[in-house]
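Number of protein chains: 2
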Amino acid sequence: MSNSASAELSINTLRLLAVDAVQKANSGHPGAPLGCAPIAYTLFNGVMRHNPKNSKWVDRDRFVLSNGHASMLLYGSLYLSGYNVTLDDLKSFRQWNSRTPGHPERGDTDGVEVTTGPLGQGFGMAVGMAMAEKHLAAIYNRPGFEVVNHFTYGICGDGDLMEGVSHEAASLAGTLGLGKLIFFYDDNLISLDGPTSLSYTEDVTKRFEAYNWQVLSVPDGNDLAALSAAVEAAKKDTAHPTLIRVRTIIGYGSPRAGTNKAHGEPLGAEGVAATKKFFGFDENVSFAVPDAALKDWRTAIDRGAAVEAEWTKLFAAYKAAYPELAAEFERVQSGKLKSGWEKSLPVFAADKPQATRSAGGSILNAIADAVPELFGGAADLTSSTKTIFKPGESFHENPSGRNIFFGVREFGMSAAVNGIAAHGGLIPFGSPFFVFSDYLKPAVRLAAIMQLHSLWVFTHDSIAVGEDGPTHEPIEQLLGLRAIPHLTDLRPADANETAAAWRIALERKSPSWMALTRQDLPVIDTSKVDTYAGVSMGAYILMQADKPNPEQPDVVLIGSGSEVWQAVEAAKLLFADGIAARVVSFPSWKLFEEQSPAYQASILPKHVPTVVIEAGATVGWWKYVGSEGAVIGLDRFGASAPGPKVQAELGMTAAAVVEAAKKLLKRS
Amino acid sequence: MSNSASAELSINTLRLLAVDAVQKANSGHPGAPLGCAPIAYTLFNGVMRHNPKNSKWVDRDRFVLSNGHASMLLYGSLYLSGYNVTLDDLKSFRQWNSRTPGHPERGDTDGVEVTTGPLGQGFGMAVGMAMAEKHLAAIYNRPGFEVVNHFTYGICGDGDLMEGVSHEAASLAGTLGLGKLIFFYDDNLISLDGPTSLSYTEDVTKRFEAYNWQVLSVPDGNDLAALSAAVEAAKKDTAHPTLIRVRTIIGYGSPRAGTNKAHGEPLGAEGVAATKKFFGFDENVSFAVPDAALKDWRTAIDRGAAVEAEWTKLFAAYKAAYPELAAEFERVQSGKLKSGWEKSLPVFAADKPQATRSAGGSILNAIADAVPELFGGAADLTSSTKTIFKPGESFHENPSGRNIFFGVREFGMSAAVNGIAAHGGLIPFGSPFFVFSDYLKPAVRLAAIMQLHSLWVFTHDSIAVGEDGPTHEPIEQLLGLRAIPHLTDLRPADANETAAAWRIALERKSPSWMALTRQDLPVIDTSKVDTYAGVSMGAYILMQADKPNPEQPDVVLIGSGSEVWQAVEAAKLLFADGIAARVVSFPSWKLFEEQSPAYQASILPKHVPTVVIEAGATVGWWKYVGSEGAVIGLDRFGASAPGPKVQAELGMTAAAVVEAAKKLLKRS
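Here the protein sequences line up with chains A and B, keeping their order.
Here the first sequence is numbered in our numbering, starting from 1 and rising by one per residue.
Here the second sequence is numbered in our numbering, starting from 669 and rising by one per residue.
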C-alpha cells in the first residue's frame, strides 16, 4: 500500500468528521465510516461520474449506502465533494430539522439518492436503479449516442447481506446480468453482537458466484490502488454485476478498532482524542478540514462540471438527430405523463361481469402505448395477476422489454421497484397476491417515506380466493397498509373503478397500491355514474333509494371493493321493506381523508345509522360508522372452500347487511 | 432405475389420488405430487421413523412440505400410511370444513406438522425444528439414552428457494451445523410463469455449499434407490444440513408434463384419463387404491408401532435412571409451566425509572431457571433489546446454550421460532427492533393461524427512538399487528406491566408480542396497583382523580405503553383545573376484547368524553373513544432528533392531552 500523503489526509479528514459528528450528536455509528472512508474517497473523488453542483443530472452515476447507519460517511463525502451540504449541517447531525438525519433520507439531503437504514433494502434499490439504467439505455440510446450510460455503485455491510432481501435482489441481478452494478462489501468480520462468526459463517464469495456475480477481493481496505483496480475490473465485466469484498477494520484508528464496540456508539471524548492522534490530527480541534484536504476533495466539482458538460453536448447532438426521442426522454425524466394519455383508458360495458384483476390486465395493455414509461411485472404470478404486457418481451431476454419476471421474490421485487422509481424516467409496478403484501411491506413503507412513484397491483384480495385457504386469504392487510402514512390505498369495486384507480395511481406521482379481486364482479354503468370522479374523492354515493329528501337516507351502507355489491344487494332488499338506503362505495381512505369536512359529511351524514361491509379486519372502520354504527368484517382467518361458500359461511352477505341495518333502525 | 413393480404401484396410487382429488375439487396443484411422489414414498414408507397411529409421538421424525400447494402429496401419503385421514377426506379436498384444506394446516389434519403455503416459511420452520431437536438432545440425552434423536425432513420447490427467508434460514442452519436437517429440493425447472430460466438462474448447489450445507444430487427423481442412497449419505454427514437436489418432471405422466400448465390447475377430464392410462390405471375409476398398494404403504403402521415401542422402552429405562430429568422432559413436552414459576418474576420498585426493554432483560434472567424451556435470542441486537440470558452460552457454540444469535435475519428468525414452537418442548422467542416487525410479520401471521406458542419481544417501540429517524421509528406497526386475528398484543407502560406481560405471554400458550421502550419510564407502585390483574384485563384504571362519584369521571384519558405517562401527567394538570380525569392504562386490545361488556363499560363508561394518546397510527382507536372522542397519535412518519425532542415536536405530550380533554369538555 502506498497511498499518497495527500489522499491519506483527505481520507482521514472524512473519517474524523464522522467521529466528531457522532460525538457531538452523542449518537450514531463511527465504526463503518472509519473503516470505509477509503472506499468513499475512491468513489466520490475518482471513480464516479457525478456533478456535486447538480445532483439531479440524469446520467450521473448512482450511489447507494445500503448500510445507512454509516450515514456520516455519506454526509461527509457530500460536504467534502462540494454538494449542498455544509460543515454546519454536519455539526447538526441527527438533530431536529437538520439536513443530516440519523440515516440518509431522500429529499432531506442534496446528493442522497434513496433512504436507507432498514438493512438490505438499499442493496435491492440499487439493483432496481441498475435495471432502470439498462432498460432506459435500451430504449433511448442510438449508435453513437449513449445518452443513458452510467453505473450504479453501492456499499453494503454484513447486515445487508444477511437479510433475505439481499439474496432475492442479488439473485435477480445475476439473472438479469446487470453488468453496471458494482457493490463494495464492507467485510469487517464484526456485527452488532460481536464477531460475525457468531451467526454468519457463509462463504459470501461462493454465494455471489452462485448468483452469477463477479466477485473480487481487496484484502486491505486502506489500499487505494487496489480499490481502484477492483473497480476497473468490475467495469470490464459487462455481463455480470460485481461484488468487491473489501477487508476493512471497523472503527479503524480508534481504540475500539476491530470490535463491535466501535459499531454503534460514540467513541467518547478520550476515544475521539486517541483517534485524532492516530491520524495525526490535533486532538483539540473538532470538525477539522485542512485546506489541502478540501481542495483535493473539491476537485470533484470541476470534474463533475466537465462530465456533465460533455453529456449535455452529446444530448444536444442526440436531440438534433432524434428530436422526438429526445423530447420523449425529457418528458419521462421530468415525470410528466403524456398529454391526453388518459383517453386510452378503457370504459367497460356494464353488461359483462368481470374480475377486477382481469380489468386491470386490460387497462394495463390499453394504456401501454400511451404510458411507455410503465415498467414492471409480477412475482412469478402473471397468469394470476394479469399484470403482463401482451405481446411483450421480457426484460431479461431483451433489455427494452417491459415485462419483468421478478421470480418468487416479493420483497426483492419491491425494493427494485423503489430503485427504479428513485432512478427516474420510469413508473414501476410490482404485483403479487394481496396476502403476500406482508412479504414486501417494508419496501412499501420506504416508498411512502420517500414519496416515490412506486405502484403495487395486488390481486386475490379477500377470502373469495376460496380454496387456497387461510394462508392465501387477506384479512388484516387492508387495514395494515391503510395505516401507513402518506400512501394511497385503492380498492375498486368493479372494472370501471379499476380504470379510475389506475388513472389516479399514475396521476398522483406518489406511492399507491390497489387491491383487485380474483372473482368476477358486476360492472358499474359509467353513463350513470362517474367512477373517476367518485374514486377521486375516496368515497362517493354509488346509489340511493328514492326518498323525499335524499340528503337524509334512512341508513347508509358502505362497501369497499367486492363488498360494494353486497351493499347494493342489501339496499335493494331494504327498499322492498320501505327502508331508503344510500350505498357508498369507499375505495380509498387516503383520498377520502383529503376531502373537505363538508364533502365528507355530505357522503356520511352524522346521525344516520351506518353499516359497513368489508372482507377484512373491522377495527379501523369505527371512525366512519361511529360508535352507534355496525361493522361487518372479519376478525378471524379465512378458510379453504370454494369462494362463494367461504363468503357465505363467514357472513360476507347482503343478508348480514340487511340484518345489521334493521337492527340499527330497530326494525325486526 | 429398477424400482420394484410393487413400489411403482404404490407411488402411482399416490400420484393418481392427487390427480383425482384436484380434479374433483376443480382446484389445486397436480404438478408437484406427480413429480415428487417417489420422494414422499421414500420418506413415508422407508426412511422416516414415524408412527401413523400416534402422530404426536415426541421423538418422531418431522416432515415439512414447504411447497404447501402440493398438499395432496402430503394428504395422500398420510392416508396411505394409515394416519387418521380417510379416502373420504381426500374426496373432500379443498371443501368447507374438510380435513384436507387447500394448503396443509396444522391442527386440521392428523400428521400435518405445520401450516405451509406462504413460500419459504416451511423451510424456515424446518430449520427451527432441527434447532429444537439439537437443543433438547443436548439438554435431555444421557450416555446410552438418546431420548431425543430424530431427523427433520422436508421438501421444497424453487419458489421456496427464491424467497429471501429460505436464504436466511439456510445460512443460519449452516452456521448452526444442523446435521439432522435433510431437505429435498424438487428441482423441476418450472415455475408458475414458465421455465425457471425466466427469473431463476442461480447455481443452487453452489449457493447451498456457500451456506455450509452438504449438497447431493439425484438426477432422476423416479429412482428410488438413488433417493434412498442420498438420504443415507445425508444422515452420515452429522455436521452439515443436507440439500438433496432431485431432478423431477412436474406433472410427470400427464399430458402437461414438464410445463408450467401442470403446476396449478386441474388436468381436466381428458388429462386425468391420459394420466391414468400412462400409469396403467383404469381411466374410469377415480380414487383407485389397489389392495397391494395399500398393503405396501400400510406396512408403515407396524414399523411405526415398533419404533415407538422401542423408544418407549428406552424412555422407561431413562426414567428409572434419571427420574427428575425424565419428569422435566415430560413436563416440557406437555407444555405445562413449572408450578410456581411465576414467583420468580421480579417486582420493580417504584423509585427508579427504567426502560421496559431493560426491565424485560431483568425479567428474562429472573425467570430463566424457573422456565428452562425458554429458548431464543435477537436478530443481532442483544445489546439493544436486552434479550439475552446472562451468563449464558450461545446455542451455536454449545447446543445446550439458550442464547440464539439469529443474525440480521428477522424473518428467518421468526420462521425458526415457529418451527421450535411447533416441535414442542420449548417456548421460543425472537427479538428485533419493533419497526422491523415489518420484516417478520408473515411469520407472526402463521403463528396466529397455527396458534403456536411463539413469542416476540420488540423493543424501541416508538418515535422516542429518536436519532435513528423515520426508518427506525414505528408508526403503523402497533395497529398492523393488532389487526391480526388470534394474536395477543402487549404494550406495557412500565417495568411491572412488563413483568405482567411476560407472565401472560407464557401462560396463554398462544402467540404474543410485546412492544418495549428504548427510553426510561416511571415505575408503577405495585403496593397500590395490581399490574398483573390490570394487564390481564387488557385495560384498567391506573389512577383516578378524587371525585364524589368515581364511576363518572369528567373525562377518561387512555394511554398505552410509554404514553400512559403523558396521560398521568395530563390528569394531574387537569385536576389542578378542577377536572377529574380517569387514567386508563390500555396495554392489550386483544385482552380487553375478551372481557365482558360490563367490565369494558366499567373502564370506558359511555358518554364520558375520552381522549387517547398513543405514539402510533390513530385509525383503530375510534372504537374505544367513540365518534365524539379525541385520538392523539401519529398519522405521519417520525423524525431524526433526540427522542424527547421528537416526542415534543410531534405532539406526544401531556399538554396535547390536556388541550384535547378541555376541548371535549368545552373548557378553554
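Ideal Cβ placement from N, Cα and C applies to all residues, glycine included.
- Taking the Cβ atoms as the reference, Thr1156 of chain B lies roughly 7 Å from Pro1179 of chain B, within the contact range of under 8 Å.
- Counting other Cβ atoms within 10 Å of its Cβ, Ala661 of chain A reaches 16 or more and is therefore classed as buried.
- Contact between Ser745 of chain B and Ala708 of chain B holds: their C-beta atoms lie close to 5 Å from each other, under 8 Å.
- What Met72 of chain A touches in chain B, judged by beta-carbon distance under 8 Å, is nothing: the nearest beta carbon there is about 12 Å away.
- Gln544 of chain A is bridged by DSSP to A:Arg582.
- One alpha carbon belongs to Gly164 of chain A, the other to Phe406 of chain A, and they sit about 15 Å apart.
- Here the stretch 997-1011 of chain B makes contact with the stretch 1160-1177 of chain B; the two share three or more CB pairs at distances below 8 Å.
- As DSSP reads the structure, Trp1289 of chain B sits in no beta bridge.
- Using a Cβ-Cβ cut-off of 8 Å, Glu836 of chain B is close to Met162, Glu163, Gly164, His167 of chain A, given in chain order.
- Three or more beta-carbon pairs separated by less than 8 Å are not found between the stretch 896-912 of chain B and the stretch 235-249 of chain A, which leaves the two stretches without contact.
- The shortest CA-to-CA distance from Trp1181 of chain B to any of B:Gly1202, B:Pro1100, B:Ala984 is the one to B:Pro1100.
- Ala1298 of chain B has B:Val1279 as its beta-bridge partners, per DSSP.
- Residues of chain A with a Cβ closer than 9 Å to the Cβ of Arg762 of chain B are, in chain order, Gly466, Glu467, Asp468, Gly469, Ser640, Ala641, Pro642.
- Judged by DSSP secondary structure, Asp855 of chain B falls within the beta strand (DSSP E) whose first and last residues are 849-855.
- Unbroken alpha helix (DSSP H) runs of no fewer than 4 residues, entirely contained in the stretch 429-478 of chain A, are found at 437-450, following chain order.
- When only Cα atoms are considered, Pro346 of chain A and Gly361 of chain A end up about 11 Å apart.
- Between Ala581 of chain A and Leu574 of chain A, the gap from beta carbon to beta carbon is short of 7 Å.
- For Trp622 of chain A, the nearest CB of chain B lies under 7 Å from its own CB, placing it at the interface with that chain.
- A residue is called buried when at least 16 other Cβ atoms come within 10 angstroms of its Cβ; Arg142 of chain A does not meet this threshold and is exposed.
- Secondary structure of Arg94 of chain A (DSSP, three-state): coil.
- Within 10 angstroms of the beta-carbon of Ser766 of chain B lie 16 or more other beta-carbons, which makes it buried.
- Shown here for Tyr599 of chain A: same chain residues with a beta carbon closer than 8 Å to its own, the five before and five after excluded, namely Met537 in chain order.
- Gln882 of chain B: member of the beta strand (DSSP E) spanning 882-886, first to last residue.
- Chain order gives no chain B residues near Tyr79 of chain A, where near means a beta carbon separation below 9 Å; the closest approach is about 17 Å.
- For the 7 Å CB-CB criterion, Gly696 of chain B and Ile918 of chain B do not form a contact.
- The continuous alpha helix (DSSP H) containing Ser749 of chain B extends over residues 739-749.
- If you look at Asn149 of chain A, you'll find it isn't in any beta strand (DSSP E); DSSP assigns it neither H nor E.
- Ranked by Cα distance from Thr1053 of chain B, the first of B:Leu682, B:Phe1126, B:Leu1147, B:Glu1065 is B:Phe1126.
- By the rule that beta-carbons nearer than 7 Å mark a contact, Gly1294 of chain B touches chain A.
- Burial is judged here by how many other beta carbons sit within 10 angstroms of a residue's own beta carbon; Asn496 of chain A has at least 16 and is buried.
- Take the alpha-carbon of Asp59 of chain A and the one of Trp311 of chain A: they are about 8 Å apart.
- Of A:Pro428, A:Gly424, A:Ala421, A:Thr356, the smallest CA-CA separation from Ala368 of chain A is found for A:Pro428.
- Val64 of chain A is not a Cβ neighbour of Gly179 of chain A, given a cutoff of 7 Å.
- In this structure, DSSP gives Trp513 of chain A an extended state, which the three-state scheme calls strand.
- Nearest neighbour of Tyr1292 of chain B by Cα position, chosen from B:Val1279, B:Gly1311, B:Arg1304, turns out to be B:Val1279.
- Taking 7 Å as the cut-off, the Cβ atoms of Leu490 of chain A and Ala483 of chain A do not count as close.
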